[in-house]
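First comes the structure, then the notes that go with it.
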Amino acid sequence: MGIRKKTKAHSEFGLSAMTDIIFFLLIFFIIAATVSQDPVLKLILPKGIDNGAKPILPIKLAVDANLEYAIDNEKVAYADLPSKLQQVLSKRPDASVSVFGDQTVQYEKVMDLVLMANKQNAKVVLALSQNTGK
């Protein structure tokens with residue numbers, strides 16, 4: 157008796173729909189993980205107090221191409237430089253001294269200013285301009 161079903165049940169499963177769903181879930185979780193960056197340690201940080209302290213501005217000691225000297229943009233004779241620098245440093249003891257020298261001035265003149273500030277136990281910074289390649 158040859159009674160057989162003409163249609164067999166196929167048990168195949170379409171994976172393309174499942175692959176799409178997994179891909180969208182992967183994208184969703186990657187975006188969700190980057191948006192919520194919770195810190196590992198939950199810290200309560202102290203608040204800073206603004207005490208109104210102004211930053212300490214450096215004392216500007218300069219010499220130009222004509223060998224004219226200045227302290228904080230005030231012209232001073234070379235002979236009066238040590239006493240004037242001492243006076244300014246006594247008013248602002250924590251300030252550093254920035255030495256500015258024109259590029260045409262001899263190196264010796266700029267170093268005289270550096271040594272003068274060093275003799276008065278000042279923190280000295282030699283200010284240079286950026287080379288533009290000219």
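Per my numbering, the very first residue in the sequence shown carries number 157; after that it's consecutive.
All residues carry an ideal CB built from backbone N, CA and C; glycine is no exception.
Keep in mind it's a predicted model, so treat the numbers as computed, not measured.
Counterpart residues of Gly-257 in DSSP-defined beta bridges: Within the sequence shown, numbered from 1, the residue matching residue 257 stands at position 101. In the DSSP output, where bridge partners are listed per residue, Gly-257 has Val-219.
What three-state label does DSSP hand Ala-278 in the structure shown? The count along the sequence shown starts at 1 and reaches residue 278 at position 122. Ala-278 falls in the coil class under three-state DSSP.
Say whether chain C places a C-beta atom closer than 8 Å to the C-beta of Pro-214. Checking the listed chains, one finds no chain C in this structure; it contains a single protein chain.
Cα separation between Leu-213 and Gly-257? As a first step, residue 213 is located in the sequence shown; it is residue number 57 there, counting from the start. As a first step, residue 257 is located in the sequence shown; it is residue number 101 there, counting from the start. Between Leu-213 and Gly-257, the C-alpha separation is close to 19 Å.
Classify Pro-273 as helix, strand or coil using the three-state DSSP reduction. Here residue 273 refers to the residue found at position 117 when the sequence shown is read from its first residue. Contrary to the premise, residue 273 reads as Ala rather than Pro in this sequence. If DSSP states are grouped into helix, strand and coil, Ala-273 belongs with the helices.
Alpha-carbon to alpha-carbon, Ile-178 and Ile-186: Numbered from 1 along the sequence shown, position 30 holds the residue referred to as residue 186. Numbered from 1 along the sequence shown, position 22 holds the residue referred to as residue 178. Spanning the two alpha carbons is a distance of roughly 12 Å.
Span of the alpha helix (DSSP H) around Ala-189: As a first step, residue 189 must be located in the sequence shown, where it is residue number 33. Looking at the DSSP string, the run of the alpha helix (DSSP H) that includes Ala-189 is 171-191.
Cβ neighbours of Lys-275 in the same chain (closer than 8 Å, five flanking residues each side left out): Sequence index remark: in the sequence shown, residue 275 carries index 119 (1-based). Only Pro-238 meet the Cβ criterion.
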